[in-house]
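Undergrad: Residues in the sequence shown are numbered from 0 upward in steps of one, following numbering that gives the first Met the number 0.
Each residue gets a CB set at the ideal place from its N, CA and C atoms; glycine is no exception.
If you scroll down you'll find the structure; I have some questions about it.
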Amino acid sequence: MKKGKVWRSAAAVLVLIFMLGLLPVSASAAEIVSSGTCGVNLVWTLNNEGVLTISGTGDMVDGDPPWFPFRESILSVVVSRGVTSIGNRAFFECSNLTDVALPSSLTDIGDQAFAYCLSLVNVSVPEGVTGIGKDAFYCCYKLTGVTLPSTLSSIGSAAFAICPEFAGFNVAAGNNVFSSRDGVLFTKDGKTLLQYPRSKPDAEYTIPYGTEQVANGAIMDCFKLTTLYFSEGLTSIGENAVQNCSKLTSVYLPASLASVGARAFNYCVALTDVYYAGDANAWGRISVGADNNPLLWATLHPSTKVPYNGTNPALKHGLVEDEDGFWRFYKDGVLQSSYSGLVEDESGWWYVIRGEVNLNYTGLATNENGTFYIYKGQLANWRTGCEWVNGQYCEFYEGQLTEWKTDATVVDLNGDGTTWVTMRCGRLDPHYTGLCSNENGWWYAFDGKMNFDYTGLVTNDYGTWYIYKGQLANWRTGLEMVNGELCEFYQGQLTTWKGSELEQYGSDWYYMTAGRVDSGYTGLAATGNGTFYVWQGQLANWVTGLETVNGELCEFYQGQLTEWKTDAWVVDPNGDNHWTAMRCGRVDPSYTGIGENANGVWYLTNGAIDFTYTGLQTNAYGTWYVYKGQLETWHDGIEEIGANWYYIYKGQLTEWFTGDFEEGGVVYHVESGVVTGWN
């Protein structure tokens, strides 16, 4: 072997040994410092590198957690997939915690869960979380921002309070409760400003047009703000709303303002000027809560509307009447000249073309919420019913085209009862064929018009229906001949849900399955009144006698199985002298006893006449003399049967007779039909 190969082999062995951990390495695995449980199915471990790992399934316990004594040693937290909640105070006062990884299984973050995590910088709340508790991130001094998921539906009070570095919220698209605008948190509809980031760098802020209230504490402790513009339409400023904005010097308040909550402007020590759009009398009617001296002591500038000069974009927002008398659509002071569609203001919805309200337009307009009837520029929400619009017949509900009405409806096109047509999704449907409705019932339409000549069946998604002269015959319950076919209906609907049963029509009975005559069926049908022979879907009441049905020999009387004939009846089904017993209308191959037919009375064993048998047999009517399988009803006299002699009368043992009986000159002494002696 060559030396090179030896070295290569040795190297391979060393690599293998290293991989197997047989040789010491310089880096060592982190050691577990402490561990335990933190929920019914949750466990936790803390290693010597400050990593707290929580794993398992279900909710975390509330209250001070088991790792609380180690809280200052925790540097990062990993919450594994399967954990569904962060408990109250779970990471309270983990002052050195900088990094948190939250799983997609999480649904709830508890009260004070991360309060006083002084080193935590950023948090991304995963999709699936629906609630963040009160004070959840209270006093997270280094927290700069948070991403909120589309699933979030509740945020507790002061959840992000006293976070001096907090610069903005980011709410995921699709959230139905919250929204964010330029980092500021609002309700989804924008009507309530929920929280302004404490460390947002802007000196001026304009509360957007459409905001109606500022929530309690929403702009509290925002020490960088110097000027606040409250847009027209805002009605209330909540308690503590702007408290302790120590650099705020001026505010612009709208004429729509009705109330200012207690302490709303408390500790705004630099506030000197209040610009109010209403007059002094209106200012006096505003409800101002306690501890708002900075607001009340500042210089009031009533009836002041600050002209639009580019510094206050909210002054032109929404529909605005310009100096030339035309109404135009603005967003934050910018004319929306490329926008065409519907815009809402306090008087209703208006149709805008290229940024300008078009009062000459009558027709349809569509947005993400539907299609609407516009009359002279305004959405005609007073209009419910049918209307000709630009040459087409449409149906509206409060001004909206009824596109959700996918089931066809019937309307009187000209109002004179001569032309009935179908509408679907709010428009005429000239191609529709099927069922449609109006206040008078359900009707059959063909190519968009009522077909009053049609009588027959029609099927839709809900079932099959009986149509009589164009109308759904919901008054019809029972059997009906429709276009030569016998059908069963319940309130006009074919009873496709019903199983097989016999139903009477006229003087005849029919075997119905799923609402129709089952003409392919030949066999037996059982009812509460008996069992009947059905031939090609009809009760065969013309059949009396024996009939083979589906391989079984049965006896019928006017189509009914003779189940009441409990006494055995002897038949020769094949005409080859192989006689068998019938009972209750069927062959009884196990029957042993007495049976009869037109030729006499017979003794059968296991369903067949036993021609080898001679002796006595007893049934419900007495004890009988059987000779070679036949009961000899004509026989009278003394008969030796086996080892005994008996007195037989018309084939029956005279069990009722005790006395002397003379036959052939011999007198026999008889007791209960048995001969006990003779002379």
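Going by DSSP in three states, Gly-189 sits in which element: helix, strand or coil?
TA: If you number the sequence shown from 1, residue 189 lands on position 190. Coil, per DSSP.
Undergrad: Where in the region 314–368 do unbroken runs of the beta strand (DSSP E), each at least 3 residues long, occur, reported from the N-terminal end onward?
TA: Taking only runs of at least 3 residues, the beta strand (DSSP E) segments lying wholly in the region 314–368 are 317–320, 326–330, 340–344, 347–352 and 362–366.
Undergrad: Looking at the secondary structure, which residues open and close the beta strand (DSSP E) in which Gly-384 lies?
TA: Along the sequence shown, one-based indexing puts residue 384 at 385. 384–388 is the extent of the beta strand (DSSP E) around Gly-384.
Undergrad: Does the structure place the region 546–555 close enough to the region 503–520 that three or more beta carbon pairs sit under 8 Å?
TA: Cβ pair count under 8 Å is below three, so no.
Undergrad: When burial is assigned at 16 or more other CB atoms within 10 Å of the CB, is Ala-276 buried or exposed?
TA: Walking along the sequence shown from the start, residue 276 turns up at place 277. It counts as buried.
Undergrad: For Tyr-510 and Ala-580, what's the separation of their Cα atoms in angstroms?
TA: To locate residue 510, count along the sequence shown from 1; it is residue 511. To locate residue 580, count along the sequence shown from 1; it is residue 581. Approximately 30 Å, taken between the alpha carbons.
Undergrad: Taking C-beta to C-beta, are Ala-135 and Phe-165 nearer than 8 Å?
TA: If you number the sequence shown from 1, residue 135 lands on position 136. If you number the sequence shown from 1, residue 165 lands on position 166. No, Cβ-Cβ distance for Ala-135 and Phe-165 is not below 8 Å.
Undergrad: Just mark His-316 as buried or exposed, buried being the case when its beta carbon has 16 or more other beta carbons within 10 Å.
TA: Reading the sequence shown from its first residue, position 317 is the one you call residue 316. Looking at its Cβ environment, which holds 16 or more other Cβ atoms inside 10 Å, His-316 is buried.
Undergrad: Output the residue ranges of the alpha helix (DSSP H) runs that lie fully inside the region 63–112 and measure 4 residues or longer, sorted by chain position.
TA: As far as the region 63–112 is concerned, it has no whole alpha helix (DSSP H) run of at least 4 residues.
Undergrad: Among residues of its own chain, excluding the 5 on either side of Thr-476, which ones have a beta-carbon nearer than 7 Å to its beta-carbon?
TA: Reading the sequence shown from its first residue, position 477 is the one you call residue 476. Cβ neighbours of Thr-476 beyond the five flanking positions: Phe-488, Tyr-489 and Gln-490.
Undergrad: Which term fits Glu-661, buried or exposed, when burial requires 16 or more other beta carbons within 10 angstroms of its beta carbon?
TA: Translated into the one-based positions of the sequence shown, residue 661 becomes position 662. The residue in question, Glu-661, is exposed, as its Cβ has fewer than 16 Cβ neighbours within 10 Å.
Undergrad: Check the DSSP bridge columns for Asp-411 and list the partner residues they point to.
TA: Taking the first residue of the sequence shown as 1, we reach residue 411 at position 412. Answer is Trp-419.
Undergrad: Where does Trp-295 fall in DSSP's three states?
TA: The residue you call residue 295 lines up with position 296 of the sequence shown. Looking at the sequence provided, one finds Leu at residue 295 rather than Trp. Helix, per DSSP.
Undergrad: Using a Cβ-Cβ cutoff of less than 6 Å, which residues in the same chain neighbour Ala-364 once the five nearest sequence positions on both sides are dropped?
TA: Sequence index remark: in the sequence shown, residue 364 carries index 365 (1-based). Contacts found: Leu-341, Tyr-350, Phe-371 and Ile-373.
Undergrad: Does DSSP put Ser-8 in a helix, a strand or coil?
TA: Locating residue 8 in the sequence shown gives position 9, counting from the first residue. Confidence in Ser-8 is poor, its pLDDT being 39 and thus under 50, which makes the residue's placement unreliable; the coordinate value appears in the next sentence. Reduced to three states, the DSSP call for Ser-8 is helix.
Undergrad: Out of curiosity, what's the CA-to-CA distance linking Gly-173 and Ala-217?
TA: Here residue 173 refers to the residue found at position 174 when the sequence shown is read from its first residue. Here residue 217 refers to the residue found at position 218 when the sequence shown is read from its first residue. Each residue's alpha carbon lies about 23 Å from the other.
Undergrad: Are the Cβ atoms of Trp-534 and Thr-521 separated by less than 8 Å?
TA: Numbered from 1 along the sequence shown, position 535 holds the residue referred to as residue 534. Numbered from 1 along the sequence shown, position 522 holds the residue referred to as residue 521. Contact flag set, yes.
Undergrad: Could you give the distance in angstroms between the alpha-carbon of Thr-226 and the alpha-carbon of Pro-65?
TA: Against the sequence shown, residue 226 aligns to sequence position 227. Against the sequence shown, residue 65 aligns to sequence position 66. Taking the straight line joining both Cα atoms gives about 47 Å.
Undergrad: The beta strand (DSSP E) with Ala-525 in it runs from where to where?
TA: Stepping through the sequence shown from its first residue, residue 525 is reached at position 526. 522–526 is the extent of the beta strand (DSSP E) around Ala-525.
Undergrad: Going by alpha carbons, who is nearest to His-634 out of Val-600, Tyr-465 and Ala-619?
TA: Locating residue 634 in the sequence shown gives position 635, where the first residue counts as 1. Residue Val-600 is the option with its Cα nearest to His-634.
Undergrad: With 16 as the cutoff for other CB atoms within 10 Å, does Ile-236 come out buried or exposed?
TA: Residue 236 sits at position 237 when you count from the first residue of the sequence shown. Ile-236 should be labelled buried.
Undergrad: Looking at the secondary structure, which residues open and close the alpha helix (DSSP H) in which Arg-216 lies?
TA: In the sequence shown, the residue the question calls residue 216 occupies position 217. A small fix is needed here, since residue 216 is Gly in this sequence, not Arg. Segment: none, Gly-216 is in no alpha helix (DSSP H) and carries neither H nor E.
Undergrad: The ligand COA and Trp-496: does the residue's C-beta get closer than 7 Å to at least one heavy atom of that ligand?
TA: Within the structure as shown, the ligand COA is missing, as the structure has no ligands at all.
Undergrad: Look at the alpha carbon of Gly-3 and the alpha carbon of Ala-28, and state the distance between them as a whole number of angstroms.
TA: For this step, residue 3 is matched to residue 4 along the sequence shown. For this step, residue 28 is matched to residue 29 along the sequence shown. For Gly-3, the predicted model reports a pLDDT of 40, less than 50, meaning its position is unreliable; a value from the coordinates is still stated below. Distance between the alpha carbons of Gly-3 and Ala-28 is about 36 Å.
Undergrad: Just to confirm before moving on: does the CB-CB distance between Leu-151 and Val-122 stay below 8 Å?
TA: Stepping through the sequence shown from its first residue, residue 151 is reached at position 152. Stepping through the sequence shown from its first residue, residue 122 is reached at position 123. Not in contact: Leu-151 and Val-122 (Cβ atoms no closer than 8 Å).
Undergrad: Could you give the distance in angstroms between the alpha-carbon of Thr-685 and the alpha-carbon of Leu-192?
TA: Residue 685 is absent from the model: the chain starts at 0 and stops at 678.
Undergrad: So, are the CB atoms of Cys-424 and Lys-404 less than 8 Å apart?
TA: Counting from 1 along the sequence shown, the entry for residue 424 is found at position 425. Counting from 1 along the sequence shown, the entry for residue 404 is found at position 405. Yes, they are a contact pair.
Undergrad: Tell me the residue span of the alpha helix (DSSP H) that contains Gly-663.
TA: Position 664 of the sequence shown holds residue 663. Run containing Gly-663: none; DSSP gives neither H nor E here.
Undergrad: State yes or no: is the C-beta of Glu-502 within less than 8 Å of the C-beta of Gly-529?
TA: Looking up residue 502 in the sequence shown gives position 503. Looking up residue 529 in the sequence shown gives position 530. Taking 8 Å as the Cβ cut-off, Glu-502 and Gly-529 do not qualify as a contacting pair.
Undergrad: Pick from Leu-456, Asn-47, Thr-463 and Ser-149: whose alpha carbon is nearest that of Gly-483?
TA: For this step, residue 483 is matched to residue 484 along the sequence shown. Of the listed residues, the one whose Cα sits closest to Gly-483 is Leu-456.
Undergrad: Quick one: using the 10 Å Cβ neighbour count with 16 as the cut-off for buried, is Asn-576 buried or exposed?
TA: The residue given as residue 576 occupies position 577 in the sequence shown. So Asn-576 ends up on the exposed side.
Undergrad: With burial defined as no fewer than 16 other Cβ atoms inside 10 Å of the residue's Cβ, what is the status of Ala-157: buried or exposed?
TA: Mapped onto the sequence shown, residue 157 falls at position 158. Buried is the call here.
Undergrad: With DSSP as the reference, please indicate the residues paired to Val-600 in a beta bridge.
TA: Here residue 600 corresponds to residue number 601 of the sequence shown, with the count starting at 1. Glu-595 and Leu-630.
Undergrad: Can you list, in chain order, the stretches of the beta strand (DSSP E) that have 3 or more residues and sit fully within the region 489–522?
TA: Here the runs fully enclosed are 500–504 and 507–512.
Undergrad: Assign Asp-415 to buried or exposed, taking buried as 16 or more other Cβ atoms, counted over all protein chains shown, within 10 Å of its Cβ.
TA: In the sequence shown, the residue the question calls residue 415 occupies position 416. Classification of Asp-415: exposed, given that the 10 Å Cβ count is below 16.
Undergrad: Taking only runs of the beta strand (DSSP E) that begin and end inside the region 127–207, which ones reach a length of at least 3 residues, in chain order?
TA: Within the region 127–207, the complete beta strand (DSSP E) runs of at least 3 residues are 144–147, 167–170, 177–180, 183–186, 191–194 and 203–206.
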